[in-house]
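Taking it in order: structure first as structure tokens, then the write-up.
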Amino acid sequence: MKQIKFIFTGPPGAGKTTAIATISEFPPVSTDVFSTDGLAKVKEKTTVAMDFGQITLDNGQKIGLYGTPGQQRFKFMWEILVQGGLGLIVLVDNRRPEPLKDLEAYLDNFADFIDETDAVIGVTCSDIKDTPSIDDYQELLQKRGQVFPTFAIDARNKDDVLFLLNALLTCLELS
Amino acid sequence: MPQRLQLFTSYLSRSNELTLKVFLELTKADEVASWEHTNNQETAAALLVDADSEEGRLQLKDWARENKRQVLIAFSGRTEGFPENVLVLPRPLRSAELVPVLRQASKQFLSRFQEQKEQEFPQAPQSSSLDEKIDTKKIDATSASVGVRRVLEVLYGNQNKIIKIIDRVGRSVIFDIEHRRYYTTNLVKMEIEDLLASPIGNMQIEEVHHNQLAKVVQNLKAQDLDVPLWTAALAISAGHLFDGLSLTESYRLNRWPDLKKLGQDPLHLKLTALLRRGGNIGYFADHLKAPVEDVIDFINACRTLGYLEYQGKPTSVPGKKPSNTGKRSLFSRIRSRLGI
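Chains H and U supply the protein sequences, listed in that same order.
In this text, residue positions in the first sequence follow my numbering: the first is 1, and each later residue adds one.
In this text, residue positions in the second sequence follow my numbering: the first is 1001, and each later residue adds one.
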């Protein structure tokens, strides 16, 4: 039986592992290795297969929290990970050179999964670099004919992560 | 919802100022108002001065004589000998004394604010020097539902213009509607919201040309207009659709309002999720079992921010999907487990 889960995706360093850690009932199991490419400047370790966290509901049901590896070269993993997924949480690192293009790439790559479920977008590190603004992200989505909840968040802040999840659940309930 | 008020301090020692900033955090949970420190005297709701120094004493006297609109607070080891209506914060600085003084200051400021509003509102519109170039036809149209022209509607009808509004006591705000910003030295956010919801009768309204904006607003900080627009639209809506909107036509959202910034109302979140698929007001109210008036208020606010798209008269409203009890129960359990 496929496990029911939420999928966290986004470029390397966007905060997927951190966001999972804020709500998982145990520290996420991460398949991290030391970064060897340009990413090493941003983060010491990166996820090569996936992160795994979990929450257990009152009836004993387990809900998985899966983080995809951020780098495009691990794309083959994404299709496997989304199986049984309830919805997608896309995290975008505002410090990266082209965060809007990053977002487009992830929305395109997960288009089929999003069509079947839904997505929310969390923009991280906008306190460090404030452009593009949330309005810029919304404009991009508008041009693509998409309307997704999009908020600036701090992946270390549980309330922020729950705010995103709440928006995703509401969309799933009412769509 | 508690108001956010600002406190300006003068002649306070560095250590007292730092302590004060920490203590202001304690007001965050206050039901009436939370306080934050500002370096801008004009946007402050209260002015606090160390009245034990000679300069501070003179400053307080000047402010009292000028009959400042802000509440005056003297920080002093003395308890007497201050001008009338000055609140006294006893030295040394302690949170146990600061918090009640600030609470009193909130009440004074808000009650003065209310009085001022009551004086302004009942008056019939007098002279309003509307610039000819400002599109007043649109103002007429949008104001029909609420009976009087309001500043918010002037701005809505002039989306690509820069509008300067001067109230009857000479305080001015420049609204760059296209970029959702405003500039002012005179008004706090709460006053901006109130100004937006006010009738234009006592206001002077001018257009500022785009090429003059930089000059006019130099040294002024651009401030986000979304929240004041949203708040004012909700405030004046009162369950009546803004003109041009209809109960039977179908609407959808072209973008997701930043509800983190605009206030985390659970109904607004649900309405947003529904509205992005489209439908009419009756459908939204029925689907969420929400009062139609609340749905209308939300629709008006979305329209004010330009997020509402007209879908025309639908041949049918979106049908209710067959209720997936299993999924609903799952979502409900997840919410319960996460405490959301």
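All residues carry an ideal CB built from backbone N, CA and C; glycine is no exception.
Asked, Found
"Proximal residues of chain H, C-beta to C-beta of ARG1255(U) below 7 Å", "GLN138, LEU141, GLN142 and VAL147"
"Neighbour-count burial assignment, LEU1300(U), 16 or more Cβ in a 10 Å radius", "In the sequence on display, residue 1300(U) carries Asn and not Leu. By the 10 Å Cβ count, ASN1300(U) comes out buried."
"SER1015(U) - containing beta strand (DSSP E), residue span", "Looking at the DSSP string, SER1015(U) is not in any beta strand (DSSP E); the run it does join, the alpha helix (DSSP H), is 1014-1024."
"Of the listed residues GLU1042(U), GLU1031(U) and PHE1075(U), nearest to LEU1220(U) (C-alpha basis)", "GLU1042(U)"
"Under the three-state DSSP convention, the category ALA1285(U) falls into", "helix"
"is_contact[ARG1277(U), chain H] using C-beta, thresh 8 Å", "yes"
"Residues from the region 113-134 of chain H in contact with chain U, defined by Cβ distance under 8 Å", "ILE134"
"Residues bridged to LYS5(H) [DSSP beta-bridge criterion]", "GLY64(H) and GLY85(H)"
"Near-chain B residues of the region 8-21 of chain H (beta-carbon distance less than 9 Å), N- to C-terminal order", "Of the protein chains in this structure, namely H and U, none is chain B."
"Inter-residue Cα distance where the pair is HIS1287(U) and PRO1092(U)", "58 Å"
"CA-to-CA distance, LEU1271(U) to PRO1199(U), given in whole angstroms", "29 Å"
"Selected residue, minimal CA-CA separation from ASP118(H), among GLN138(H), ASP102(H) and LEU88(H)", "LEU88(H)"
"Below-8 Å beta-carbon distance, LEU107(H) vs any chain U residue", "no"
"Where THR150(H) meets chain U, residues with beta-carbon distance less than 9 Å", "ARG1255, TRP1256 and ASP1258"
"Between the CA atoms of VAL1227(U) and GLU1080(U) - distance to the nearest angstrom", "42 Å"
"C-beta neighbour in chain U for ALA155(H), strict 8 Å", "no"
"Residue range of the beta strand (DSSP E) that includes ARG1091(U)", "ARG1091(U) -> no beta strand (DSSP E), and no H or E assigned at all."
"Nearest-angstrom Cα separation, counted from ASP93(H) out to ILE128(H)", "10 Å"
"Local Cβ density within 10 Å of PRO1083(U), reported as buried at 16 or more and exposed below that", "exposed"
"Per-residue contacts from ARG1335(U) into chain H (C-beta, under 8 Å)", "ASN166 and LEU169"
"One or two residues paired with THR1038(U) in a DSSP bridge", "PHE1008(U)"
"Among ILE1334(U), GLN1159(U), ARG1168(U) and LYS1164(U), nearest to VAL1208(U) - alpha-carbon criterion", "LYS1164(U)"
"Environment of GLU1153(U) [buried if 16+ CB atoms lie within 10 Å]", "buried"
"Beta-bridge pairing of ILE1163(U) - partner residues as DSSP gives them", "PHE1175(U) and GLU1207(U)"
"Through-space distance from ASP160(H) to ARG1171(U), alpha-carbon basis", "38 Å"
"Residues, ordered as in the chain, of the region 69-93 of chain H that lie near chain U by beta-carbon distance below 7 Å", "none"
"Under the three-state DSSP convention, the category LEU1187(U) falls into", "coil"
"Segment contact flag, the region 151-160 of chain H with the region 70-78 of chain H, C-beta cutoff 8 Å, min 3 pairs", "no"
"Start and end residues, alpha helix (DSSP H) containing SER1237(U)", "1226-1237"
"Residue environment, ALA111(H), which counts as buried when at least 16 other CB atoms sit within 10 Å", "exposed"
"Under 7 Å from the C-beta of ASP58(H): neighbouring residues of chain U", "ARG1333, SER1336 and ARG1337"
"Classification of GLU1193(U) by the beta-carbon crowding that lies within 10 angstroms, buried from 16 upward", "buried"
"Close-in-space but distant-in-sequence residues of the same chain around GLU1017(U) (CB under 7 Å, 5 per side omitted)", "THR1009"
"Rounded distance between the beta-carbons of ASP1258(U) and ILE121(H), thought under 8 Å", "Contact doesn't hold; Cβ gap of about 11 Å is too wide."
"Contained alpha helix (DSSP H) runs [length at least 4] in the region 111-170 of chain H, N- to C-terminal order", "111-116 and 134-143"
"ALA1232(U) vs ARG1181(U) beta-carbon contact at 8 Å", "no"
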